[in-house]
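Residue numbering for the sequence shown is -18 to -1, 1 to 150, as defined by mature numbering (1 follows the signal peptide of the UniProt record, and there is no 0).
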Amino acid sequence: MIRVPLALATAMACPAFAQTPAPAPVAPTIVPGQPLATIVAEPVAMMIAACDANGDAIVSRAELTACLARSYAAADPDKKGSIGYIGYAEWALKWLGDRNALPSPFEVDRDGDNRITLAELEARFDSIFARLDKDKDGNLTRAELLTIRSGFGGGDRPGGPGGKRGRK
Ligand SMILES: [Ca+2]
Ligand SMILES: [Ca+2]
């Protein structure tokens, strides 16, 4: 039996080191046609999501009402029944994450008296709830709380090819 030395056998199995060199790495580019949608949550949606009291990941109007009352009470410790714009900014910082996050005090202060009452806050959130509640069932799912944005100069791609991914 002829035994071929292992090193030689390996060399025979690997032809030519002299092939054309691999192309230099290229910076990744955005492939045309790739979906560019970004999924984000508005600050107000983040707050509403945290109002889910029973842990079913769905926020009902009752849960939101209770949540708003709780947050307002913390901003109005002396129970004056209204807070000024500075107090509202502190409320927004705590519950929306930023003093300037929407809704702004100007849109919440319906009667324009420079004070925010709980009723005014509830009224504003009521219309926000209605806007987000796409299927109008009185509950907000996490999907309803998200906003789909197309960015990076890409056009709108409603229902792009993303839905076909992950076939199983
Ligand atoms: Ca007011
Ligand atoms: Ca809904």
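Think of the CB as a built atom: it goes at the ideal place given N, C-alpha and C, for glycine as much as any other residue.
By the C-beta density criterion, Ala48 is exposed, having fewer than 16 other C-beta atoms within 10 angstroms.
By the 16-neighbour rule on beta-carbons within 10 angstroms, Ser53 is buried. Under the three-state reduction of DSSP output, Ile68 falls in the helix class. Residue pairing by DSSP puts Leu128 in a beta bridge opposite Ala23. For Thr47, the enclosing alpha helix (DSSP H) has its first and last residue at 43 to 57. According to DSSP, Arg92 shares a beta bridge with no other residue.
For Ile98, the beta-bridge partners assigned by DSSP are Ile65.
Residue pairing of Asn36 in beta bridges, as defined by DSSP: absent, with no partner found.
With a cutoff of 6 Å, Glu104 does not count as near ligand 1, since its C-beta is closer than that to no heavy atom of the ligand. Beta-bridge partners of Asn121 (DSSP): Ser42.
Taking 8 Å as the upper bound for CB-CB distance, Leu18 and Ser132 are in contact here, some 6 Å apart.
Residue state for Lys76 is assigned as helix, using DSSP reduced to three classes. Considering only Pro25, Leu127, Ile130, the residue with the shortest C-alpha distance to Gly79 is Pro25. Cβ atoms of Leu122 and Val22 stay farther apart than 8 Å, at about 16 Å. Checking the 6 Å criterion, the Cβ of Asp117 is within range of a heavy atom belonging to ligand 2. Ligand 2 never approaches Glu45 closely enough for any of its heavy atoms to be under 6 Å from the residue's Cβ. Sixteen is the threshold: when 16 or more other Cβ atoms of the shown chains lie within 10 Å of the Cβ of Thr99, as they do, the residue is buried.
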